[in-house]
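Let me begin by presenting the structure, written as structure tokens, before commenting on it.
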């Protein structure tokens, strides 16, 4: 078997993935390469720790000069594309039989997008699709969710940032795209008019987007709440389990999309961190558990989780909301929050009461509109949800909720009939700006919350881009 090499790029502010510079002093970063290999490359490619060569690729990764790098974003990405092409040519020339996996994170996800476009536009000069593959985390150009795909064609002159649209899925190069839910770079709200969803997403810039490779940065002295764990308190073992769960995976064309559910809303995680650091969790945790189910219902109105992640989905103006259905869901969320808060303070809430599992908002589209948007995407159907028994803990409830919801979506898209216990939420018209005919369904019940995440959210030196 041919050996495998991984060409590994960093994210904005981390142009050299093995060393950083602070006040003219070089600071080694010993954990970035092995962490991204263990977390993301090895589980999703032929590059395994026992046989894989990790080769760092130095790219500019600039964003806001002089704060993050010496050059602007568009200049940085353009130079990064050239740097990656040179590294790939060198690798294939010296090891012509090697399998090559290219890893990108955050801004370097845009480098991968442009590289795939170049390969598709110039197939005669491109490497074989059987020899080169890609793995990207926190992708700026994820077709449904990536910040650069939400606002295609927009250009910010002063910052020199061009929103260049969705990553291609028809190049033939095997790609794995990994994102955590509510990551503002890879999972930005579809309906930005939902300010609560926007604030929640932006809160994930530090606690979610900046922490994919954690722990990899040296902790600055005197900096509180410095993030040192994986996003949302995931352990490496939990991350692997979530990535392999079919409920969290979708495939469109040459790309497999993996979306990791969150345990807590990024908007609320800092409160839990403060409680842990000040030994006041006994006060803060019940308050967070009280409000989290209601906030999830409101935040999730900013997303349409039935649109496949591989279908380019620009931001839209307004979803059509049924006030009666929304009121019912909010009432259920309030009750769920009260029960969880009472459980936190040791008040029995009735072990026989059943909690209903959630359902994400759904959109069904005509076959013609789906075919026009993505010829290889499956027809979208309504999601269903089944009732479940009471959760033993808030975390287990949330895990069950996410799995039930995503499996229902997968079953619906595959055309499987619903089980006898499932029910479908009432459709209602949705007035999007596009011409596709579709209806939106609101969540049937709120998602359970969890406050068992242990990571520490805070300011990371290299988090400003993400």
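In my numbering, the protein residues as written are 1071 to 1536.
Ideal Cβ placement from N, Cα and C applies to all residues, glycine included.
Closest by C-alpha distance to residue 1073, when choosing among 1162, 1407, 1089:
As a first step, residue 1073 is located in the chain shown; it is residue number 3 there, counting from the start. Ranking 1162, 1407, 1089 by Cα distance to residue 1073 puts 1162 first.
So, are the CB atoms of residue 1127 and residue 1154 less than 8 Å apart?
As a working note, residue 1127 is residue 57 in the chain shown. As a working note, residue 1154 is residue 84 in the chain shown. Against a cut-off of 8 Å, the Cβ pair of residue 1154 and residue 1127 comes out as a contact.
Nearest CA to the CA of residue 1122: which residue from 1075, 1260, 1220?
Looking up residue 1122 in the chain shown gives position 52. Among 1075, 1260, 1220, the Cα nearest to that of residue 1122 belongs to 1075.
Cβ-Cβ separation, residue 1403 to residue 1364 (assumed contact under 8 Å), whole Å:
Here residue 1364 refers to the residue found at position 294 of the chain shown. Here residue 1403 refers to the residue found at position 333 of the chain shown. Yes, they are in contact, since the Cβ atoms of residue 1364 and residue 1403 sit about 4 Å apart, within 8 Å.
If you count every other CB in all the chains shown that lies within 10 Å of the CB of residue 1192, and 16 or more means buried, which is it?
The residue labelled residue 1192 in the question sits at position 122 within the chain shown. The residue is exposed, with fewer than 16 neighbouring Cβ atoms inside 10 Å.
Compute the Euclidean distance between the alpha carbons of residue 1082 and residue 1089, then round it to the nearest angstrom.
As a first step, residue 1082 is located in the chain shown; it is residue number 12 there, counting from the start. As a first step, residue 1089 is located in the chain shown; it is residue number 19 there, counting from the start. Taking the straight line joining both Cα atoms gives about 14 Å.
Nearest to residue 1261 (by Cα), restricted to the options 1098, 1125, 1389, 1393:
Position 191 of the chain shown, counted from the start, is the residue given in the question as residue 1261. Minimum Cα-Cα distance from residue 1261 among the listed residues 1098, 1125, 1389, 1393 corresponds to 1389.
Within a Cβ cutoff of 7 Å, which residues of the same chain sit near residue 1254, ignoring the five residues on either side of it in sequence?
Locating residue 1254 in the chain shown gives position 184, counting from the first residue. Once the five neighbours on either side are set aside, the close Cβ partners of residue 1254 are 1217, 1271, 1272, 1274, 1275, 1279.
Taking the beta strand (DSSP E) that residue 1078 belongs to, which residues open and close that run?
The residue given as residue 1078 occupies position 8 in the chain shown. DSSP places residue 1078 inside the beta strand (DSSP E), whose first and last residues are 1074-1078.
Let's see if you can read the secondary structure: which residues bound the alpha helix (DSSP H) around residue 1393?
Residue mapping note: residue 1393 aligns to position 323 of the chain shown, counting from 1. Under the DSSP assignment, residue 1393 falls in the alpha helix (DSSP H) whose first and last residues are 1393-1414.
Coarse secondary structure for residue 1168, derived from DSSP in three states
Locating residue 1168 in the chain shown gives position 98, counting from the first residue. Under the three-state reduction of DSSP output, residue 1168 falls in the coil class, being neither helix nor strand.
Taking the runs of the beta strand (DSSP E) that are 3 residues or longer, which of them lie wholly in the stretch 1071-1151?
If only uninterrupted beta strand (DSSP E) runs of at least 3 residues are considered, those enclosed by the stretch 1071-1151 are 1074-1078, 1089-1092, 1095-1098, 1122-1126.
In this structure, how does DSSP classify residue 1226 when only helix, strand and coil are distinguished?
If you number the chain shown from 1, residue 1226 lands on position 156. In the structure shown, residue 1226 sits in a strand (DSSP, three-state: E or B).
C-alpha distance - residue 1419 paired with residue 1400, whole-angstrom precision
Numbered from its first residue, the chain shown carries residue 1419 at position 349. Numbered from its first residue, the chain shown carries residue 1400 at position 330. CA-to-CA, the gap between residue 1419 and residue 1400 works out to about 19 Å.
When the distance is taken between beta carbons, is residue 1269 closer than 8 Å to residue 1337?
Counting from one through the chain shown, the residue named residue 1337 turns up at place 267. Counting from one through the chain shown, the residue named residue 1269 turns up at place 199. Contact: yes.
Distance check for residue 1398 and residue 1105, CA to CA, integer angstroms please.
As a first step, residue 1105 is located in the chain shown; it is residue number 35 there, counting from the start. As a first step, residue 1398 is located in the chain shown; it is residue number 328 there, counting from the start. Using only the alpha carbons, I get a separation of about 44 Å.
Contact check, residue 1102 vs residue 1379, beta carbons under 8 Å
Within the chain shown, residue 1102 is the residue found at index 32, counting from 1. Within the chain shown, residue 1379 is the residue found at index 309, counting from 1. The criterion of a C-beta distance shorter than 8 Å is not satisfied by residue 1102 and residue 1379.
Find out if the Cβ-Cβ distance for the pair residue 1377, residue 1214 is shorter than 8 Å.
Numbered from its first residue, the chain shown carries residue 1377 at position 307. Numbered from its first residue, the chain shown carries residue 1214 at position 144. Yes, the pair counts as a contact, with Cβ atoms nearer than the cut-off.
Rounding to the nearest angstrom, what Cα-Cα distance links residue 1167 and residue 1367 in this structure?
Residue 1167 sits at position 97 when you count from the first residue of the chain shown. Residue 1367 sits at position 297 when you count from the first residue of the chain shown. One C-alpha to the other measures close to 51 Å.
Residue nearest to residue 1267 in terms of C-alpha spacing, selected from 1111, 1374, 1134:
Position 197 of the chain shown holds residue 1267. If we check each option's Cα against that of residue 1267, 1374 comes out closest.
Quick check on residue 1321: does DSSP put it in helix, strand or coil?
As a working mapping, residue 1321 is identified with position 251 in the chain shown. DSSP places residue 1321 in strand when its eight states are reduced to three.
Just the C-alpha distance for residue 1259 and residue 1164, rounded to the nearest angstrom, thanks.
Counted from its first residue, the chain shown places residue 1259 at position 189. Counted from its first residue, the chain shown places residue 1164 at position 94. Here the C-alpha atom of residue 1259 lies approximately 44 Å from the C-alpha atom of residue 1164.
Can you tell me whether residue 1414 is buried or exposed, with buried defined as 16 or more other CB within 10 angstroms of its CB?
Indexing the chain shown from 1 puts residue 1414 at position 344. Result: buried.
Could you please give the first and the last residue of the uninterrupted alpha helix (DSSP H) stretch that includes residue 1271?
Position 201 of the chain shown, counting from 1, holds the residue named residue 1271. Per DSSP, the continuous alpha helix (DSSP H) segment holding residue 1271 begins and ends at 1265-1277.
Residues near residue 1147 in its chain [Cβ-Cβ closer than 8 Å; skip 5 each side]:
As a working note, residue 1147 is residue 77 in the chain shown. These residues qualify, in order along the chain: 1177, 1180, 1181, 1184.
Hey, could you find the ends of the alpha helix (DSSP H) residue 1019 is sitting in?
Limits of the chain in this structure are 1071 at one end and 1536 at the other, which puts residue 1019 out of reach.
By a C-beta neighbour count over all protein chains shown, 10 Å radius and 16 as the cutoff for buried, is residue 1250 buried or exposed?
The sequence position of residue 1250 within the chain shown is 180, counting from 1. Its Cβ being crowded by 16 or more others within 10 Å, residue 1250 is buried.
Looking at the strands, I want to know which residues DSSP matches up with residue 1364.
Position 294 of the chain shown, counting from 1, holds the residue named residue 1364. Partner(s): none; residue 1364 has no beta bridge.
Roughly how many whole angstroms lie between the Cα atoms of residue 1344 and residue 1350?
As a working mapping, residue 1344 is identified with position 274 in the chain shown. As a working mapping, residue 1350 is identified with position 280 in the chain shown. If I take the Cα positions, the gap works out to 8 Å.
Where residue 1206 sits in the DSSP three-state scheme
Your numbering for residue 1206 matches position 136 in the chain shown. In the structure shown, residue 1206 sits in a strand (DSSP, three-state: E or B).
By how many angstroms is the C-alpha of residue 1150 removed from the C-alpha of residue 1157?
Indexing the chain shown from 1 puts residue 1157 at position 87. Indexing the chain shown from 1 puts residue 1150 at position 80. Each residue's CA atom was taken as its position, placing residue 1157 and residue 1150 some 10 Å apart.
Assuming residue 1358 and residue 1371 form a contact by the criterion Cβ under 8 Å, report the distance between their Cβ atoms to the nearest whole angstrom.
Within the chain shown, the letter at position 288 stands for residue 1358. Within the chain shown, the letter at position 301 stands for residue 1371. Rounded to whole angstroms, the Cβ separation of residue 1358 and residue 1371 is 20 Å, and the two are not in contact under 8 Å.
CA nearest to the CA of residue 1111, picked from 1309, 1236, 1160
Here residue 1111 refers to the residue found at position 41 of the chain shown. The candidate whose alpha carbon is nearest that of residue 1111 is 1309.
Write down the C-beta distance between residue 1204 and residue 1079 rounded to the nearest angstrom, noting that I regard them as a contact closer than 8 Å.
Along the chain shown, one-based indexing puts residue 1204 at 134. Along the chain shown, one-based indexing puts residue 1079 at 9. Going by Cβ atoms, the distance from residue 1204 to residue 1079 rounds to 11 Å, so no, they are not a contact pair.
Which of the three DSSP states, helix, strand or coil, is assigned to residue 1352?
What you label residue 1352 is simply residue 282 of the chain shown in a count that begins at 1. It is helical.
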